Each structure stands twice: as C-alpha cells, then as structure tokens.
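S.K.:
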Amino acid sequence: MAEEDDIISTLPDAILCHILSFLQTKQSFATTTLSKRWKNLYLSVPVLHFKAAITDQTAYVRFINFVYSVLLSRDPAFPIKTFYLDFTFHNHEILSPHSPVEIITKWVKFVTQRGVEYIDLYAELEDGAFGFTELPISSLSCSTLVVLNLLCFSLEEAFSPIALPSLKTLHLENVSFPKLRDFMLFLSGCPILEDLFIFNVLFDSEESLTCDEWKTFCLTNLTRADIDCFCNHFPLKAVHNVVSLRLPIDQVNCRSDFIPTFHNLTQLELVYLNYSWHFLLQVLKLSPKLQELKIDQAGLNKDFWTRKDDKENWVDPDSVPQCLSLHLRTCILFNFLGLQGELLLAKYILKNARVLQTMKIRNVGQTNIKRLISSYPRDSTMCKVTIYQRSKVSSSSSVLAAI
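Number 432 marks the last residue of the sequence shown (this note's numbering); no jumps.
Structure follows, in structure tokens:
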C-alpha cells in the first residue's frame, strides 16, 4: 500500500485508541510491532479486556505476568475506564506463590484507584467444575464506578459498608453473600442505582428482614429491575419506583402480602407464574399505570407440559384494575396450555382492557384456541389478537391465527 493510502497512520492517537478499545488487550498489544508510533499506544487505551482459559502452569504464569505488565506499565495520566476479566482456571493443582483469588483482588483494587467506570468480572476457578470465586467486597468500593457486572463470585468476608455513589447499573449472576442483610447493605451503598439485574443470588444463612430500616428501604432512582426471587424475604418495596420489572415467581413462596404499589410501573413480565391467579390480580391492582404485560406460566416443574388443570381457580375480581380500564396496550401470554384459568384470564383481559392494541398468545397446548379466543367479547375496537402455535419439543413456532 502506498504511503499516501495509509489512512490509519494519519489518524490522531485518540482515534486509534478508540479503535483499539474494541479489541482484547492481547490483540491491541500485538500492534506494538507495527511501528515505533504503535509501540506504547496500547497503554493509553481506556479499555482493558483480559480473557483466558488456564489449564497448565506455563499458561497461568504467562497470563498473570501479562496482566501485571499492562497494569504496571500504564501512565497514571491515562485512566482505565473499563476493566473486563473473563478468567477460567481449570487446574487447582497448579503451584503458585499467590492464589488466583489474591491476584484478581489486587487487579480489581488497582483499577478502582484509576477512575474505572465499568467493571465486568467472571472467574471460574474450580478444577473443571462450577464454583464461586471469593472476592473481598471492600475491593469494590469506588467513587467513579458506574456499571458493575459480577458473575460467579462469593463476597465472603466480615462485611463492611460499601460505597458506590456513582453506580447506575448492577448485574449480579451466581453471586453469594453471607446473609441477606449483607446484600441489603450492599444495595444501600448504591444511592443512584437505576438498573438492577439479579439472578441466582444466594446466601450462606437464612434470615428474615425484620428491622424497620429495611422495611422502608427504597432504591428511589431505580427504573428497571429484573429480580430472581432467590429469597421470599426480599422486600419488593425497595424496587417499587421502577418503570420496568421482570419478576420470576417462586412456585412455593409466591405470596401476595408483600407486594407494594408500583406507581410508575408501565412494563411488567411475570415468569414462572404457575397459575397463581390471586397473585396476578394483586399485582394488577397495585400497578395502576401498567401498559405492557407479559406472563410466562412455565416453571421449573417438569410436570408443566403434561398438566391438565390450573394451580388455583380463576375468579373475576369485584372491580376492574385501573391499568386494564385505562392503560394496558399490550398483553403477551407465553407457554399457553389452554387450561381453564388461562382461557378465563384471556377472556377477562379482552373484555375489560379498553385501550388494548395487541394480544399475543404463544400456544403450546390445545389447537382449537382460535375458535375459543375469537368468540370472546372485546372492549377495545383497536385490539388485534395473534396466536402462535409452538411445538413443545421444538423452539420453532408458526402463526396459528390473527383475529
């Protein structure tokens, strides 16, 4: 290529660093061989992305040394905005003067002192088996952190308060805390949190939140929450300000007495509802502005696909929830078996949802759904009902009817 055609070399360093930020750090490091200009350019990239699957001593030492060399070679004038670590360690018999847990902790503490805004950590340190990696929670305290994603970690230590004053997004998946109270203290250290995702958050010991301070605790800035009901004692009051909520319902611990009023809620998805009609009606009554409702009946129960009746009988409430009469525009029913309660639910919504525009039913049960649904009266003249027939075995689906 002619020199005049080398457009990349004419770009300023800031643009080149931005381009390199889309690569893993080992790939951006490889550019050091291109020319003298590129020799130290990778050390100015604001994104550090390390990924490795370690199976032997040589690879372990090489990876550890590489990460340390990158971190320690950086000029403090260049902040680390993003730190991404995907680290699998499949041989616990590898001999090292320092454990992987100790090393990862040092890396996290290093980036939190360099103005990091985004941390994404995944570490699997078992010998070919799934397990949680211990991480001192104090290492996460950071005034600049905006996004924190943790996957497969155990925050095990004598718990001390954590301060994350700038955190807006928190995603926790397969994460354990010593106690539920510790998790609540963790959340209380995130005063401006806007987006909360929780899946399979566990606790080493069971306890109830009985203190008045936790009964009134609320994440006032939160707008979106996706909460796995890992513990029936988790106070939904803490997320009652949200606009969007995804809530998997425990088949056993589903209770309607802990539901707050969701004054701002417009989007709701209930997963593993398992035909708990009383719970559903309570949520509808307490979500006056709801515009979009998604319901997935299927639970983890292996008998779901062969069941012949509902968990409980559907009974029309004495009064129509405000969201149905004034706001509900979209209703989507997943894993629809066509049981009596499901049909009554669909009939009730069509009959009372005055501004409903779309109802989608993903049917996995009886095939005469079109005839049944088409006979139901509708209060909304704008409503279009689309029924998808989905195989119980295959993930493919086809449109059965649009009525």
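Ideal placement from N, C-alpha and C gives every residue a C-beta, glycine not left out.
The model shown is predicted, which means the values in this text are computed figures rather than measured ones.
Take Asn178 and list the residues in its own chain whose beta-carbon comes closer than 6 Å to its own, dropping the five residues that flank it on each side.
M.R.: Asp149, His200
S.K.: Whose C-alpha, out of Ile256, Arg383, Gln351, Lys80, is nearest the C-alpha of Thr410?
M.R.: Arg383
S.K.: Taking the alpha carbon of Lys135 as the point to measure from, which residue in Val90, Leu101, Asn364 has its own alpha carbon closest?
M.R.: Distance from the Cα of Lys135 is smallest, within the candidate group Val90, Leu101, Asn364, for Leu101.
S.K.: Determine the direct distance from the alpha carbon of Lys323 to that of Val176, and round the result to whole angstroms.
M.R.: 27 Å
S.K.: Tell me which same chain residues have a C-beta within less than 7 Å of the C-beta of Ile288, skipping the five on either side of it?
M.R.: Leu265, Gln311, Val312, Leu315
S.K.: Should Leu63 be labelled buried (16 or more other beta-carbon atoms within 10 Å of its own) or exposed?
M.R.: exposed
S.K.: How big is the Cα-Cα spacing for Leu40 and Asn69?
M.R.: 16 Å
S.K.: Of all the options Phe365, Phe118, Leu251, which has the alpha carbon lying nearest to the alpha carbon of Thr87?
M.R.: Out of Phe365, Phe118, Leu251, Phe118 has the C-alpha closest to the C-alpha of Thr87.
S.K.: Can you name the residues that DSSP bridges to Lys413?
M.R.: Thr387
S.K.: Going by DSSP, what residues sit across from Asp115 in a beta bridge?
M.R.: Lys80, Tyr151
S.K.: Assuming Glu321 contacts Thr295 (C-beta within less than 8 Å), just tell me the rounded distance between them.
M.R.: 7 Å
S.K.: Let's test the definition: count the other Cβ atoms within 10 Å of the Cβ of Ile37 and tell me whether it reaches 16, buried, or not, exposed.
M.R.: exposed
S.K.: Tell me which residue opens and which closes the beta strand (DSSP E) that Asp255 is part of.
M.R.: 253-256
S.K.: How is Asp339 classed by DSSP in three states: helix, strand or coil?
M.R.: In the three-state reduction of the DSSP assignment, Asp339 falls in the coil class, being assigned neither a helical nor a strand state.
S.K.: Within the continuous beta strand (DSSP E) that includes Cys247, where are the two ends?
M.R.: First-last for Cys247: undefined, no H or E at that position.
S.K.: Can you tell me which of Cys360, Pro406, Leu373, Ile221 puts its alpha carbon nearest to the alpha carbon of Asp345?
M.R.: Cα-wise, what sits closest to Asp345 is Leu373.
S.K.: Need the endpoints of the beta strand (DSSP E) that Ile191 sits in, please.
M.R.: No beta strand (DSSP E) holds Ile191; DSSP gives it neither H nor E.
S.K.: Please name the residue or residues paired with Ser323 in a DSSP beta bridge.
M.R.: Reading off the sequence shown, one finds Lys at residue 323, where the question assumed Ser. Residue pairing by DSSP puts Lys323 in a beta bridge opposite Glu298, Ile361.
S.K.: Below 6 Å CB to CB, which residues in the same chain sit around Ser170 once its five sequence neighbours on both sides are set aside?
M.R.: Ile191, Ala192
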